[in-house]
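This report refers to the structure that appears directly beneath it.
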Amino acid sequence: MASEAKLKELLAQMTLDEKIGQLVQTNGIFFLKDDSELTGPATELELDLDYRKNIGSLLNFKNAENAIKIQKKHIEDDRNGIPMIFANDIIHGCRTIFPIPLALGASFEPDLVEECCRMAAKEAAADGVHLTFSPMVDLSRDARWGRVMEGFGEDAYYTGVMAAAQIRGYKGKGLSSKESIATCAKHFAAYGAGEGGRDYNAAELSEHALREYFLPAYKACVDAGVDMIMPSFNSVCGVPATANKYLLCDILRDEWGFDGVVNSDYSAVKELITHGVAKDYKDCARLAFDAQCDIDMISPCYAGYLKQLIEEGVFSEEQLDRSVMRVLKLKNDLGLFENPYHGADPALVAKLELCDEHREIARRAAEESAVLLKNNGVLPFSKDVKKVVLLGPFATTYSILSWWSSRGDKTKATTVYAGVKELLKDAEVIALDVCTRDYNDEDESNIAEAVELARNADVAILCVGESGRYSGEANSRTDIRLSKVQRTLVREVTAVQKNSAMLLFGGRPLVITEENEYVPAILEMYLPGHEGGSAAARLLFGDVSPSGKVSMSFPRSVGQCPVYYNRTQTNRPPRAQYLDVPSPHNFTSAYLDCGTSPLFTFGYGLSYTTFRYDSMTLDKTKMTKEDTIKVSVTLTNTGNVGAKEVVQLYLHDLVASTAKPVQEFKAFKKIYLEPGETKTVELEINEPMLKLWTPKGEFISEPGEFTVSVGYADHFHFTERFELID
Ligand code: BGC
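The sequence shown runs contiguously to residue 875 in our numbering.
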């Protein structure tokens with residue numbers, strides 16, 4: 150690896166244009182043109198093809214062959230021979246697709262997430278990728294927002310834990326390893342707080358909300374050694390994140406000490422014009438660069454105007470050098486100067502893609518991520534059934550991967566039909582693709598046939614939900630129920646077949662309040678990836694017990710959004726008996742026509758067994774700031790099958806200088822218990838967990854009483870008090 154002195158030497162020999170080129174990021178397509186005329190997205194940069202030799206990084210290229218070809222030519226063309234960084238959105242797998250992050254959020258298994266990302270890194274590195282634009286850690290409280298699928302849900306601490314696991318997985322033994330890729334935490338900051346759940350929308354939120362809820366997960370990424378930060382598209386408190394000096398300089402650089410690369414989002418620098426804060430491209434470059442946004446992704450601003458701004462003295466060459474050095478350092482950490490192709494190896498891709506080991510990881514991840522939302526006892530179905538019908542738009546479809554899986558071959562997904570067929574070799578398995586996956590589907594023509602099939606079968610599995618096309622970027626929706634036709638299907642089938650279960654697919658918590666009334670069992674699969682079908686079959690027929698817990702609450706109705714478990718205390722809280730049902734007019738902070746709690750809240754999820762929580766003990770009830778309290782929780786599997794349980798710990802500050810949430814999730818452990826087995830889990834309370842953001846602008850812990858509880862949000866088995874003393 151080159152020393153810092155060597156990098157400085159390199160920098161010293163670069164011209165202004167060459168330096169600025171390192172801060173320009175283009176699309177792969179820009180390099181695939183063979184010196185002919187530019188068309189399509191390649192024109193967006195307003196650059197001529199000769200500029201290619203200066204460019205520092207690119208995204209959206211196809212595969213390893215592509216990467217090798219482009220890099221080879223680039224090194225020949227660039228007088229300094231500086232390799233480019235090849236970036237891509239590896240969000241939940243590269244070739245082998247595992248469940249979406251929101252689903253992994255339900256697993257409460259950071260080790261599994263790390264394993265998934267390790268697998269993704271191996272495949273991606275072999276496929277020519279050096280850097281992924283992941284993890285996405287935007288706190289998601291509003292299910293209308295399509296991008297909730299990319300993150301871990303509504304809790305800041307938990308999102309940070311899971312994102313750190315992703316970073317560990319991607320980076321593996323270190324960036325220079327051919328099996329590792331660099332990471333980029335996004336979208337900084339509060340992208341999930343866009344008003345009305347509308348994508349790209351302005352986030353108007355207080356310093357208190359930022360500090361307590363929206364910022365901690367990005368900070369956790371910085372602490373975990375993330376290599377890059379991507380500012381969000383939206384404005385935060387009036388200032389677009391791409392040009393937000395408070396966020397990017399004061400907090401990220403100065404307070405948190407991040408000295409890695411800041412890489413704008415797609416054309417976000419030039420979109421400062423449409424935000425209405427810049428008058429032209431030059432102004433855009435000035436604002437973004439002033440906020441220390443190092444790289445301009447797909448926009449003409451840096452390439453076209455940064456030089457002028459330096460020549461005019463608006464920025465010094467030292468400022469430019471600082472940004473270029475960050476990029477060169479990252480290249481150096483990736484080992485690109487020695488090996489510009491990093492791990493690119495087409496033959497290895499073919500070996501790794503969907504190999505048995507990777508399929509197995511994907512299946513396990515899909516199993517751990519599924520959440521049993523309801524079960525009146527029908528599940529698990531017996532494997533002795535003679536006739537099974539699968540009904541609905543997800544019965545035979547391969548489309549269970551998601552929006553963000555461009556390198557995954559969806560035709561190689563195991564469908565629910567294939568999964569059930571494989572598991573039940575002797576049963577008759579019939580699938581009928583009732584309804585489309587369109588949310589505005591109106592075709593009810595084969596519902597009657599579906600009902601007849603269900604009536605004459607032993608069990609009916611309703612494979613319904615929201616298409617992966619309707620979550621992800623630019624996919625906000627206001628009606629997040631099942632489509633009308635799917636609702637009819639579910640109602641009519643369950644009316645004739647009591648052995649029915651609903652398998653629910655989609656990238657967001659859908660509103661299923663109506664179905665929850667009458668469907669005997671509901672198993673949430675989210676978008677489970679390549680092995681979704683085999684996982685679903687094994688879960689439905691009892692090979693494995695569901696163990697996932699909701700990490701983003703399910704609203705009872707869109708009118709509740711945003712809705713989340715850690716609501717702030719109010720002067721007139723809803724009465725406990727009206728959390729789940731409409732409240733009468735009683736001057737409390739409740740709804741007259743709907744419960745205040747979510748339908749399925751954070752931490753909730755059923756199992757095929759039952760767990761008895763026997764005790765919770767604290768090794769002390771008073772602690773100083775230096776102390777920790779050990780919390781021992783004993784539980785027993787009182788059912789008939791082995792299963793996993795997530796032991797969850799929540800804290801509450803009884804009297805504080807700010808209004809605190811009614812409960813805050815602070816620690817957890819997922820364990821496996823055989824039938825009849827008893828285990829004791831130890832969790833720890835320490836002083837940083839007790840901190841709050843004060844109106845004076847600091848994180849402190851305040852002496853006083855707290856409660857500690859185990860269970861899940863609003864449903865605790867035990868609650869004890871302890872005190873923080875000076
Ligand atoms: C998204 C980012 C993504 C980038 C590059 C943007 O539209 O907001 O999350 O990393 O595109 O694909």
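Note that CB positions come from ideal geometry on N, CA and C, so glycine has one too.
Let's see if you can read the secondary structure: which residues bound the beta strand (DSSP E) around Arg723?
Translated into positions along the sequence shown, residue 723 becomes position 574. Looking at the sequence provided, one finds Pro at residue 723 rather than Arg. No beta strand (DSSP E) holds Pro723; DSSP gives it neither H nor E.
Suppose contacts are defined by Cβ-Cβ distances below 7 Å. Is Ala862 in contact with Thr750 by that definition?
As a first step, residue 862 must be located in the sequence shown, where it is residue number 713. As a first step, residue 750 must be located in the sequence shown, where it is residue number 601. Yes.
Is the separation between the beta-carbon of Tyr430 and that of Gly453 shorter than 7 Å?
Taking the first residue of the sequence shown as 1, we reach residue 430 at position 281. Taking the first residue of the sequence shown as 1, we reach residue 453 at position 304. Contact: yes.
Do the stretch 540-552 and the stretch 613-625 touch if we need at least three Cβ pairs shorter than 8 Å?
The stretch 540-552 is in contact with the stretch 613-625.
Tell me which same chain residues have a C-beta within less than 6 Å of the C-beta of Leu528, skipping the five on either side of it?
As a working note, residue 528 is residue 379 in the sequence shown. Same-chain partners within the cutoff: Ala650 and Ala670.
Could you check what DSSP says for His336 in three-state terms: helix, strand or coil?
Taking the first residue of the sequence shown as position 1, residue 336 is located at position 187. Residue state, collapsed to three classes: strand.
Just to confirm, are Pro380 and Leu421 a CB contact at a threshold of 7 Å?
Here residue 380 corresponds to residue number 231 of the sequence shown, with the count starting at 1. Here residue 421 corresponds to residue number 272 of the sequence shown, with the count starting at 1. Result no, Cβ atoms of Pro380 and Leu421 do not sit closer than 7 Å.
Please confirm whether any heavy atom of the ligand NAD lies closer than 6 Å to the CB of Tyr415.
The ligand NAD is absent from the structure shown, which contains only the ligand BGC.
Label Lys815 either buried or exposed according to how many other C-beta atoms from any shown protein chain fall within 10 Å of its C-beta, with 16 as the threshold for buried.
Taking the sequence shown and counting its residues from 1, the one referred to as residue 815 is at position 666. By the neighbour-count criterion, in which a residue is buried when 16 or more other Cβ atoms sit within 10 angstroms of its Cβ, Lys815 is buried.
CA-to-CA distance, Asp875 to Thr773, given in whole angstroms:
To locate residue 773, count along the sequence shown from 1; it is residue 624. To locate residue 875, count along the sequence shown from 1; it is residue 726. Rounded to whole angstroms, Thr773 and Asp875 show a C-alpha spacing of 6 Å.
Give me the DSSP bridge partner(s) of Asp445.
The residue labelled residue 445 in the question sits at position 296 within the sequence shown. Looking at the DSSP output, Asp445 bridges to Val173.
Val410 and Thr391 closer than 7 Å at C-beta:
Along the sequence shown, read from residue 1 onward, the residue named residue 410 stands at position 261. Along the sequence shown, read from residue 1 onward, the residue named residue 391 stands at position 242. The answer is no: Cβ separation not under 7 Å.
Out of Ile834, Tyr349 and Lys818, point me to the one whose CA is closest to Asp776's CA.
Translated into positions along the sequence shown, residue 776 becomes position 627. For the residues Ile834, Tyr349 and Lys818, the minimum Cα distance to Asp776 belongs to Ile834.
Can you name, in chain order, every residue of its own chain whose Cβ lies under 6 Å from the Cβ of Lys168, other than the five neighbours on each side?
Taking the first residue of the sequence shown as position 1, residue 168 is located at position 19. Closer than 6 Å at Cβ, skipping near neighbours: Leu469 and Val473.
Inter-residue spacing [alpha-carbon to alpha-carbon] between Gly568 and Val639
Looking up residue 568 in the sequence shown gives position 419. Looking up residue 639 in the sequence shown gives position 490. Rounded to whole angstroms, Gly568 to Val639 spans 21 Å at the Cα level.
Between Ile204 and the rest of its own chain, which residues show a CB-CB distance below 7 Å, the 5 nearest in sequence each way excluded?
Counting from 1 along the sequence shown, the entry for residue 204 is found at position 55. Gly170, Val173, Thr175 and Met233, listed in sequence order.
Helix, strand or coil for Val693, going by three-state DSSP, please let me know.
Numbered from its first residue, the sequence shown carries residue 693 at position 544. Val693: coil per DSSP, three-state reduction.
Could you check which residue in Thr719, Glu663, Ser746 and Gly708 has the C-alpha nearest to that of Gln726?
By one-based count along the sequence shown, residue 726 stands at place 577. Considering only alpha carbons, the answer is Ser746.
What are the start and end residues of the beta strand (DSSP E) that includes Ile234?
Stepping through the sequence shown from its first residue, residue 234 is reached at position 85. Ile234 -> beta strand (DSSP E) spans Ile234 to Asn237.
Opposite Asp802 in the DSSP bridges: which residues?
Locating residue 802 in the sequence shown gives position 653, where the first residue counts as 1. Partner(s): Phe855.
Considering Cα atoms alone, identify which of Ala493, Thr192, Glu214 and Ile224 is closest to Ser329.
Counted from its first residue, the sequence shown places residue 329 at position 180. For the residues Ala493, Thr192, Glu214 and Ile224, the minimum Cα distance to Ser329 belongs to Ala493.
For the candidate residues Leu672, Val578, Glu571 and Val634, whose alpha-carbon lies nearest to that of Ser594?
The residue given as residue 594 occupies position 445 in the sequence shown. Of the candidates Leu672, Val578, Glu571 and Val634, Val634 places its Cα closest to the Cα of Ser594.
7 Å Cβ cutoff met for Leu803 and Glu854:
As a working mapping, residue 803 is identified with position 654 in the sequence shown. As a working mapping, residue 854 is identified with position 705 in the sequence shown. Going by beta carbons, Leu803 and Glu854 fall inside the 7 Å limit.
With DSSP as the reference, please indicate the residues paired to Glu831 in a beta bridge.
Stepping through the sequence shown from its first residue, residue 831 is reached at position 682. BP columns for Glu831 point to Ser781.
Asp763, enclosing beta strand (DSSP E) - first and last residue
Within the sequence shown, residue 763 is the residue found at index 614, counting from 1. Counting along the chain, Asp763 sits inside the beta strand (DSSP E) bounded by residues Phe760 to Leu767.
For Lys428, I'd like the list of residues in its chain whose CB is within less than 8 Å of its CB, leaving aside the five on either flank, ordered along the chain.
Reading the sequence shown from its first residue, position 279 is the one you call residue 428. The residues are Ile422.
So the beta strand (DSSP E) Val538 belongs to, where does it begin and stop?
The residue given as residue 538 occupies position 389 in the sequence shown. First-last of the beta strand (DSSP E) with Val538: Lys536 to Leu540.
For Val782 versus Phe817, is the C-beta distance shorter than 7 Å?
Along the sequence shown, read from residue 1 onward, the residue named residue 782 stands at position 633. Along the sequence shown, read from residue 1 onward, the residue named residue 817 stands at position 668. Not a contact, by the Cβ cut-off of 7 Å.
Could you tell me the alpha carbon to alpha carbon distance between Lys271 and Asn605, rounded to whole angstroms?
By 1-based counting over the sequence shown, the position of residue 271 is 122. By 1-based counting over the sequence shown, the position of residue 605 is 456. If you draw a straight line from the Cα of Lys271 to the Cα of Asn605, it is about 47 Å long.
Do you know how far the Cα of Cys333 is from the Cα of Leu396?
Along the sequence shown, one-based indexing puts residue 396 at 247. Along the sequence shown, one-based indexing puts residue 333 at 184. So the two alpha carbons sit approximately 16 Å from each other.
Cβ pair count under 8 Å reaching 3, the stretch 301-319 against the stretch 251-266:
Short answer: they touch.
Grab me the residues of Tyr740's own chain with a C-beta within less than 7 Å of its C-beta, minus the 5 sequence neighbours each way, in chain order.
Taking the sequence shown and counting its residues from 1, the one referred to as residue 740 is at position 591. Taken in chain order, the residues that qualify are Pro731 and Ser732.
Under DSSP, the beta strand (DSSP E) around Glu869 begins and ends at which residues?
Taking the first residue of the sequence shown as position 1, residue 869 is located at position 720. Following the DSSP letters along the chain, one finds Glu869 inside the beta strand (DSSP E) bounded by residues His864 to Leu873.
Who are the near neighbours of Asn209 in its chain, counting only those whose CB is closer than 8 Å to its CB and skipping five residues on each side?
In the sequence shown, counting from the first residue as 1, residue 209 sits at position 60. Asn176, Gly177, Ile178 and Asn237, listed in sequence order.
Considering only DSSP beta bridges, list what Leu611 is partnered with.
Locating residue 611 in the sequence shown gives position 462, where the first residue counts as 1. Bridge partners of Leu611: Leu540 and Met651.
Boundaries (first-last residue) of the alpha helix (DSSP H) holding Val520:
Within the sequence shown, residue 520 is the residue found at index 371, counting from 1. No alpha helix (DSSP H) contains Val520, which is instead part of the beta strand (DSSP E) from Val520 to Asn524.
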